[in-house]
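Inspection log for the structure reproduced underneath, given as structure tokens.
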DNA sequence: GACATTATGGAGCGGACGCTACATAACCCC
DNA sequence: GGGGTTATGTAGCGTCCGCTCCATAATGTC
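Chains as they are written, first to last, in the working numbering: chain A, 1 to 197; chain B, 1001 to 1197.
Below, the structure is given as structure tokens:
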């Protein structure tokens, strides 16, 4: 019925995501995106809408492929305490290996405060991550592998905060001793001896 | 000898800082800055150099007036454990009250990765903050007000990470329960019962 | 008051910005 | 192979970007 697209949509989105990820929203121009995606402006606007709409598609794809994938994989494949430990380990390893940092953090800082739509997406994903940690903490406490000294809700809040902090620190101080030390110290909360009563 | 400046340099720098703080480096134009500072472009460039030089002056002033001021005040006026607690409390209160977030975090995420000069400044200030927490932790342990269950270096690393994380979370989820819960949980590390041996 | 020096306002440089219009090309359906 | 429909390349819209030039103004020195 009509002429088909001459490019791979997912490859184009991946290229756009990489560009937003590296340079942020404002510092990325539509011309940059078109070049990275191998598209002229007409094709870009026809397929993905304007710059803002393209960014939200990239952010959604990024979050599905990184954060949600990790939550699903670890929660399904590991016991709760190990899932928490593995999450932090992966975050540290990624922070040390990938200079692009975390697109969720980048968006929370650069875009979310000025963009209610992106702000809602970011807030929702942060709640998902907090929920993962809180669920694992509660399950580990029920299974006896995690100390009951602290409420699971607060553990979830602190692990979420720790992940965000690690991702920020890695942009200016990508040092293994720093990131591993912080993660180790957060995980120590899982072993707090319980006071006798 | 020559015509004097017709504007207050510190007030102009404060106005520029506020603009960079709210909108970030890239999204702030020199015209915006000139309008906020009450200066024409000629005066602005003559007094402060180009946009990048002005930004670094704003960032330095901001850090001296917020982070360094807080470290100095708390470390001089409070015992070590209380200094740590007060720092986190102030960060939470400020995060809930001021929608601009933390300019150090903003700069670490937006500017530092693409700018070695700013990156060095940010890394240095992060080290100062880590040092404050580590010093307080060690002093508190020596005074007996902080548990010796964890090494002071790791406590410093985690508190630094926690502050960074709180500052990120507050941009998308400025919720008292979340930020206070995370801070409370981090501070619980100061009370870890020591295992008998 | 003439002079040297710095500050200021305004005009404007070349280029990049996000985005659009339009003619043409490539496909499916019949 | 014509017709309908969508995709694509190019040219270019109006605006804003960082920054500079230049004529003029305001000061201290003598």
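Virtual Cβ for every residue (Gly too), placed ideally from N, Cα, C.
Cα-Cα separation between residue i and residue j, rounded to whole angstroms
i, j, result
"residue 187 of chain A", "residue 85 of chain A", "7 Å"
"residue 190 of chain A", "residue 70 of chain A", "21 Å"
"residue 116 of chain A", "residue 1143 of chain B", "48 Å"
"residue 157 of chain A", "residue 1057 of chain B", "35 Å"
"residue 1097 of chain B", "residue 102 of chain A", "26 Å"
"residue 17 of chain A", "residue 33 of chain A", "9 Å"
"residue 39 of chain A", "residue 26 of chain A", "20 Å"
"residue 1163 of chain B", "residue 1169 of chain B", "10 Å"
"residue 1174 of chain B", "residue 1166 of chain B", "9 Å"
"residue 1049 of chain B", "residue 172 of chain A", "25 Å"
"residue 183 of chain A", "residue 42 of chain A", "47 Å"
"residue 130 of chain A", "residue 87 of chain A", "12 Å"
"residue 1114 of chain B", "residue 1063 of chain B", "20 Å"
"residue 92 of chain A", "residue 1003 of chain B", "56 Å"
"residue 1109 of chain B", "residue 109 of chain A", "8 Å"
"residue 128 of chain A", "residue 1011 of chain B", "43 Å"
"residue 60 of chain A", "residue 20 of chain A", "12 Å"
"residue 140 of chain A", "residue 1179 of chain B", "23 Å"
"residue 122 of chain A", "residue 111 of chain A", "10 Å"
"residue 1047 of chain B", "residue 1082 of chain B", "42 Å"
"residue 77 of chain A", "residue 31 of chain A", "42 Å"
"residue 107 of chain A", "residue 1161 of chain B", "19 Å"
"residue 1055 of chain B", "residue 23 of chain A", "18 Å"
"residue 1051 of chain B", "residue 35 of chain A", "28 Å"
Collapsed DSSP secondary structure at residue i in the structure displayed
i, result
"residue 1041 of chain B", "helix"
"residue 1049 of chain B", "coil"
"residue 1001 of chain B", "coil"
"residue 27 of chain A", "coil"
"residue 87 of chain A", "helix"
"residue 1099 of chain B", "coil"
"residue 1153 of chain B", "helix"
"residue 148 of chain A", "coil"
"residue 1008 of chain B", "coil"
"residue 113 of chain A", "helix"
"residue 56 of chain A", "helix"
"residue 1192 of chain B", "coil"
"residue 1173 of chain B", "coil"
"residue 79 of chain A", "coil"
Exposed unless 16 or more other CB atoms sit within 10 angstroms - verdict on residue i
i, result
"residue 1150 of chain B", "buried"
"residue 65 of chain A", "exposed"
"residue 105 of chain A", "buried"
"residue 192 of chain A", "buried"
"residue 67 of chain A", "buried"
"residue 1080 of chain B", "buried"
"residue 1118 of chain B", "buried"
"residue 1154 of chain B", "buried"
"residue 124 of chain A", "exposed"
"residue 1053 of chain B", "exposed"
"residue 185 of chain A", "buried"
"residue 1 of chain A", "exposed"
"residue 1152 of chain B", "buried"
Within chain A, the residues that residue i reaches when beta carbons sit closer than 7 Å
i, result
"residue 1150 of chain B", "185 and 188"
"residue 996 of chain B", "A question about residue 996 of chain B goes unanswered here, because the residues of chain B that appear run from 1001 up to 1197."
"residue 1027 of chain B", "26"
"residue 1123 of chain B", "172 and 173"
Interface residues of chain B facing residue i [CB-CB closer than 7 Å]
i, result
"residue 154 of chain A", "1181, 1184 and 1185"
"residue 85 of chain A", "Chain B residues near residue 85 of chain A: none, gap ~15 Å exceeds 7 Å."
"residue 108 of chain A", "1168, 1171 and 1172"
"residue 117 of chain A", "Result: empty, since nearest Cβ-Cβ is about 12 Å, beyond 7 Å."
Contact set between residue i and chain B, taken where Cβ atoms lie within less than 9 Å
i, result
"residue 164 of chain A", "1161, 1164, 1165, 1166, 1167, 1168 and 1169"
"residue 99 of chain A", "1113"
"residue 193 of chain A", "1149, 1192, 1193, 1194 and 1195"
The ligand SAH heavy atom lying under 7 Å from the CB of residue i
i, result
"residue 1070 of chain B", "What this structure holds is no ligand at all, so the ligand SAH is not there to describe."
Partners in chain A for residue i, counting only beta-carbon separations shorter than 9 Å
i, result
"residue 1092 of chain B", "Those do not exist, as residue 1092 of chain B stays about 11 Å from chain A at its closest Cβ, beyond 9 Å."
Amino acids of chain A, ordered along the chain, whose beta-carbon sits closer than 8 Å to that of residue i
i, result
"residue 1031 of chain B", "The contacting residues do not exist; residue 1031 of chain B stays about 16 Å from chain A at best."
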